[in-house]
Amino acid sequence: SQTIHQWPATLVQPVGSPLSLECTVEGTSNPNLYWYRQAAGRGLQLLFYSVGIGQISSEVPQNLSASRPQDRQFILSSKKLLLSDSGFYLCAWSDFRGTSAKYNEQFFGPGTRLTVL
Amino acid sequence: AQRVTQPEKLLSVFKGAPVELKCNYSYSGSPELFWYVQYSRQRLQLLLRHISRESIKGFTADLNKGETSFHLKKPFAQEEDSAMYYCALWGFQKLVFGTGTRLLVSP
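If you're matching them up, the sequences are chains A and B in order. Start counting the first sequence at 20; every next residue gets the next number (this note's numbering). Start counting the second sequence at 13; every next residue gets the next number (this note's numbering).
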C-alpha cells in the first residue's frame, strides 16, 4: 500500500534561518506531488506541484522554493525564513492518469507545524 | 482562474439536525468537485467526489451548475461528524481548495 511521510512534525526556527521540509512517498511510482500551506482562516493554499523529477510549478510568489530530486521525494526550502512563513505545511500525492487525473484523490501527509520567531 | 468559496467558517448544530455546508465555485470549464474532511488529529482525506455521485457516511453533494454550487448535506448530523470540511475544485491541472468550514455537532 502507498504511504506518505513528512518530517519534521514540528519545527521552531528564528527569522532569517534556512528551512528544509521533506516529504517522501512509498508504494507508488511517478506520482504527482504537492506542497500546501494551511493557515487559519485561509484554508489550503497550493504552493508548489510537481509532475516529475526536476519539474516544479510554483503557484504563489514567495520566500519558498521546492525541489524534487527523486521520483518520490519532494522538498520545501527557504534560504531565509520570514515571520509570515509560519503555518502548517502539508505534502500530498496523487496518481497521474493523464486526462483522468482530475478525478484522482489526493492523499495527504501528516503535516509539519512551522513556527518562525 | 478557478475559485472556491465556503462562506461559513463555523457551523454549529445539534445531533440529529440536518446539515448543509455551502460551497460555491467559479470556473470557466466543466468542473470536477470534491469534499475533503479533516477529523481531529487525523490527516486530511477525501470524503466524496462529484463524479462518483456517492453517499459517504450519510453525506451527499449535488453539483448545481446553474447556481455554481456543490453544497454538502446530511439529513441527521452525528457527533462524529464534527470536523473541518474543505470543498475543492479541479481545474487547470491542480486542485484548488476553499477556506474550509468547521462543523461542530453538539449532543
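We put the beta carbon where it would ideally sit given N, CA and C, even for glycine.
In the DSSP assignment, find the beta strand (DSSP E) that holds S42 of chain B and state where it starts and stops.
If you number the second sequence from 1, residue 42 of chain B lands on position 30. Note, S42 of chain B: premise wrong, no beta strand (DSSP E); not H, not E.
So what does DSSP say about L100 of chain A, is it helix, strand or coil?
Counted from its first residue, the first sequence places residue 100 of chain A at position 81. Correct three-state label for L100 of chain A: coil.
Verify the CB distance criterion: does L45 of chain B have a CB-CB separation below 8 Å to chain A?
As a first step, residue 45 of chain B must be located in the second sequence, where it is residue number 33. Chain A contact via Cβ: absent.
Using a Cβ-Cβ cutoff of less than 7 Å, which residues in the same chain neighbour Q57 of chain B once the five nearest sequence positions on both sides are dropped?
Here residue 57 of chain B refers to the residue found at position 45 of the second sequence. Counting only Cβ-Cβ distances below 7 Å, and skipping sequence neighbours, we find Y48, V49.
Own chain, CB closer than 6 Å to S86 of chain A, minus 5 neighbours either side, in chain order:
As a working mapping, residue 86 of chain A is identified with position 67 in the first sequence. Excluding residues within five positions, the ones whose Cβ falls inside 6 Å are I94.
Using a cut-off of 8 Å between C-beta atoms, extract the partners of P129 of chain A located in chain B.
Locating residue 129 of chain A in the first sequence gives position 110, counting from the first residue. In chain order: R55.
Run through chain B and tell me which residues come within less than 7 Å of E124 of chain A, C-beta to C-beta.
Residue mapping note: residue 124 of chain A aligns to position 105 of the first sequence, counting from 1. Those within 7 Å of E124 of chain A in chain B are L58.
Output yes if chain B places a C-beta closer than 8 Å to the C-beta of Y68 of chain A; else output no.
Translated into positions along the first sequence, residue 68 of chain A becomes position 49. Chain B contact via Cβ: present.
Determine, for L38 of chain A, whether the minimum Cβ-Cβ distance to residues of chain B falls below 8 Å.
Along the first sequence, one-based indexing puts residue 38 of chain A at 19. Not closer than 8 Å to any Cβ of chain B, the Cβ of L38 of chain A fails to qualify, so no.
Taking the continuous beta strand (DSSP E) assigned at V31 of chain B, which residues delimit it?
Numbered from 1 along the second sequence, position 19 holds the residue referred to as residue 31 of chain B. Unbroken beta strand (DSSP E) run through V31 of chain B: 31-33.
Exposed or buried, what is N51 of chain A when buried is set at 16 or more other beta-carbons lying within 10 Å of its beta-carbon?
One-based indexing of the first sequence puts residue 51 of chain A at position 32. Flag for N51 of chain A reads buried.
Can L66 of chain A and Q57 of chain A be called in contact, C-beta distance under 8 Å?
Working through the first sequence from its first residue, we reach residue 66 of chain A at position 47. Working through the first sequence from its first residue, we reach residue 57 of chain A at position 38. Not in contact: L66 of chain A and Q57 of chain A (Cβ atoms no closer than 8 Å).
Count the CB pairs spanning the region 63-75 of chain B and the region 31-48 of chain B that are closer than 8 Å, and state whether there are at least three.
yes
According to a CB-to-CB cut-off of less than 9 Å, which residues of the region 94-109 of chain A neighbour chain C?
No chain C appears in the structure shown, which is made up of the protein chains A and B.
When you compare the CB positions of P30 of chain B and P87 of chain B, do they come within less than 8 Å of one another, or not?
Locating residue 30 of chain B in the second sequence gives position 18, where the first residue counts as 1. Locating residue 87 of chain B in the second sequence gives position 75, where the first residue counts as 1. Taking 8 Å as the Cβ cut-off, P30 of chain B and P87 of chain B qualify as a contacting pair.
Excluding the five sequence neighbours on either side, which residues of its own chain have a C-beta within less than 6 Å of the C-beta of E66 of chain B, listed in chain order?
Position 54 of the second sequence, counted from the start, is the residue given in the question as residue 66 of chain B. Excluding residues within five positions, the ones whose Cβ falls inside 6 Å are L60.
Is the Cβ of K106 of chain B closer than 8 Å to any Cβ of chain A?
By 1-based counting over the second sequence, the position of residue 106 of chain B is 94. Yes, K106 of chain B lies at the interface with chain A (some Cβ there is under 8 Å from its Cβ).
Helix, strand or coil at H62 of chain B [DSSP, three-state]:
Numbered from 1 along the second sequence, position 50 holds the residue referred to as residue 62 of chain B. H62 of chain B: helix per DSSP, three-state reduction.
Which residues bound the beta strand (DSSP E) around L40 of chain A?
Reading the first sequence from its first residue, position 21 is the one you call residue 40 of chain A. Per DSSP, L40 of chain A belongs to the beta strand (DSSP E) from 38-45.
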